[in-house]
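135 is the number that the numbering used here gives to position 152 of the sequence shown; each next residue is one higher, with no gaps. See below for the structure under consideration.
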Amino acid sequence: MFEIGNSLREARTRQGLDIAHVELATKIRGKYLRAIEEEEFDALPPGTYVKGFLRGYAEFLGLDGQLYVDEYDSRFVNDGHVDAPKRPAQRARRPVDHSFERRAVLLGLVGVAALAALVIVAWKFGGGSGSTPNVLTAKSSPAPRGLVFSGAGTYVEVRRSATGPVLYQGTLRAGDLNAVPGQRFWIRVTHPNHLRLTLNGKIVSLPARRTLTVLVTPTRTALAH
């Protein structure tokens, strides 16, 4: 048995990350990340959300997500029913009506779908300039700049160009978070299955290959030689 919240908080602070960075990379709201670190699981959406958030947070930090889900099950789940975390005795409260919360989640999903449709329409019919459409979004924490990557057992070599000086070279270890400032990178990767790569806070998707070399900029990712 181990403390789920303290273990995740220590891993995050050891890597020099704040809640805003993790929220941006995992798409898990900051208040839910704080609730996980405080082991206030009843503050999270019900059902499979708790385990999904817990697994995603742990694996982003390079930890074994299944181990944390198993620990949660052993402590808070009994015969398929979630036990509330141990807290000081307090006056009985009215049963929580989760129907409103489910409606809120459904409305949120509808809103995301509508926003995605507006972005696609603006991109197609925005004049053909090829520039990114201007979309009004809620104010959020500034995205981390430069190339940020983590993983386990993945060999990474980073340069500005194929013949440029080496900016990073080595095999990544679980729990390590590496950052290289800049906007344009030539990257060689071996065993990229566990590699998590972002540029200016945006996730970089890599082709599914055992070994590959790519050129990564804020506007595109392409195979390189």
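Each residue gets a CB set at the ideal place from its N, CA and C atoms; glycine is no exception.
Secondary structure in the segment 138 to 190: the beta strand (DSSP E) runs of 3 residues or longer, each lying completely within the stretch, are 138 to 142, 149 to 154, 160 to 163, 168 to 173 and 179 to 182 in chain order. When the beta-carbon positions are compared, Glu140 and Arg171 come within less than 8 Å of each other. Straight across, the Cα-Cα distance linking Glu54 with Ala145 is about 46 Å. With a 10 Å radius around the Cβ and a threshold of 16 neighbouring Cβ atoms, Ile186 comes out exposed.
Taking C-alpha positions only, Ser188 is separated from Thr204 by approximately 8 Å. Rounded to the nearest whole angstrom, the CA to CA distance from Leu0 to Leu160 is 9 Å. A Cβ-Cβ separation of about 5 Å places Thr173 in contact with Thr194 under the 8 Å criterion. The beta carbons of Thr154 and Gly129 sit no closer together than 8 Å.
In this chain, the beta strand (DSSP E) harbouring Phe132 covers Leu130 to Ser133. Annotated three-state conformation of Leu101 is helix, per DSSP.
Taking all protein chains shown into account, Ser133 has 16 or more neighbouring C-beta atoms within 10 Å of its C-beta and is therefore buried. Within 10 angstroms of the beta-carbon of Lys10 lie fewer than 16 other beta-carbons, which makes it exposed. One Cα belongs to Arg(-3), the other to Glu23, and the distance between them is close to 22 Å. The alpha-carbon of Phe36 is positioned some 29 Å away from that of Thr202. The alpha-carbon of Arg85 is positioned some 8 Å away from that of Pro28.
In the three-state reduction of the DSSP assignment, Leu16 falls in the helix class. In terms of Cβ geometry, Ala26 and Gly13 do not form a close pair [threshold 8 Å]. Leu44 sits close to Leu(-9), with the two beta carbons spaced by under 8 Å.
Residue nearest to Pro190 within the set Thr200, Asn176 and Gly184 is Asn176 (criterion: CA-CA distance).
With 16 or more neighbouring CB atoms inside 10 Å of its own CB, Ala8 falls in the buried class.
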